[in-house]
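Asks: First to last, the sequence lines map onto chains A and B.
First residue of the first sequence: 176, per our numbering; consecutive thereafter.
First residue of the second sequence: 25, per our numbering; consecutive thereafter.
Cβ coordinates follow ideal geometry from the N, Cα and C atoms, glycine included.
Can you read through this structure? Questions will come right after.
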Amino acid sequence: MNKKEFLIEIQDIMLLDNINETTAIEVDSMASLLLIAFLDEEFSTSISQEQIKSIKYVSDIIEFIGDENIK
Amino acid sequence: MLTKALKNNFQIDNYKLINYLSLDNNDFLSILSMRNHPLIKKQMNNSIIISLDEHTKFVHNLKFKNVGYWIVKKNNKIFGSIYLTNTNLKESSCVGGNFINPNLIGTGQGIVINYLMHFLAFEKLAFKCINSEVKESNKSAVRINNLFGAQPINSNNNINYIRFFDSTWLKEIKPKICKLLSYLNY
């Protein structure tokens, strides 16, 4: 998955438009569930609710999965 | 046949769907309390508080209508409520709605009650189409409806009118939702 595709997925999950790495995000319960599923299926990564609570920007998600994992 | 089934109780996985016509007194009063809860009321079209007398009449009158109202219970606790109204036997369609126990709002469990509603309507009762409406401001419900494959029909006064089809349910939507349910304590 490249960065553009990644941002589109995050955009859909967060119900936002035209996001970039600096976009602030608020992860509600449904977005949280979708994010857990997305990271598990696409990156085989588990994220805890505590870690989700600390997410404030799109860049926090990228940092979590590792920038090198997005082409 | 369908008319009779709308009065039945159902079991879907670990969830009991008990028809409003079969409720014991505790559940009867609990569901009135939920119907009047501010977090539920604010998503409904009618914000007037429902009295016990009105609730009693409402439930009594369900006997004579082609509608189904169920409470959903898991581990003997009320999880939420599902209703199928405006049933059109000729078109095999209905209007579907639901609400979750206010204590569960914000836990991601809204997806479960919607899954049960679609399972009930499409697989237990064999409807071909569910019509629904949602306030545009209810972002959580809008997002859930999108996940369930809502097709937009119309929009008026900040209410989105949408439709779900059985043809997409089994093939596309259900597998996707079941995967998401696996991340919850379904």
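#1: Excluding the 5 residues preceding and the 5 following B:Leu63 in the sequence, name in chain order all residues of the same chain whose CB lies nearer than 8 angstroms to its CB.
#2: On the DSSP bridge list, what partners appear for B:Ser105?
#3: Counting C-beta neighbours from all protein chains within 10 Å, is the total for A:Ile183 16 or more, i.e. buried, or is it exposed?
#4: From this set, B:Ile177, B:Val136 and B:Ser164, which residue's C-alpha is nearest B:Lys203's C-alpha?
#5: Am I right that B:Ile106 and B:Asp51 are in contact with their C-beta atoms under 8 angstroms? What's the rounded C-beta distance?
#6: Enumerated in chain order, which unbroken segments of the beta strand (DSSP E) with a length of 3 residues or greater are wholly contained in the segment 104–181 of chain B?
#7: Mind reading off the beta-carbon distance from B:Phe172 to B:Asn138? Whole number of angstroms is fine, and I expect it under 8 angstroms.
#8: What is the rounded straight-line gap between the Cα of B:Phe34 and the Cα of A:Glu196?
#9: Would DSSP call B:Leu45 helix, strand or coil?
#10: For a contact meaning CB atoms closer than 7 angstroms, what does A:Ala212 contact in chain C?
#11: Would you please verify whether the beta carbon of B:Arg167 is less than 8 angstroms from any beta carbon of chain A?
#12: So with CB distances below 8 angstroms, who are the chain B contacts of A:Met176?
#13: B:Arg167 and B:Gln175: beta carbons closer than 8 angstroms?
Replies: On the basis of the data shown:
#1: Pro126 and Ile129
#2: B:Ile95 and B:Phe123
#3: exposed
#4: Here the closest residue by C-alpha is B:Val136.
#5: Actually they do not touch by this definition, with Cβ atoms about 14 angstroms apart.
#6: 117–124, 153–159 and 175–180
#7: 6 angstroms
#8: Going by the C-alpha atoms only, they are around 47 angstroms apart.
#9: helix
#10: Among the protein chains in the structure shown, which are A and B, there is no chain C.
#11: yes
#12: Correct list: empty, because the minimum Cβ distance to chain B is about 18 angstroms.
#13: no
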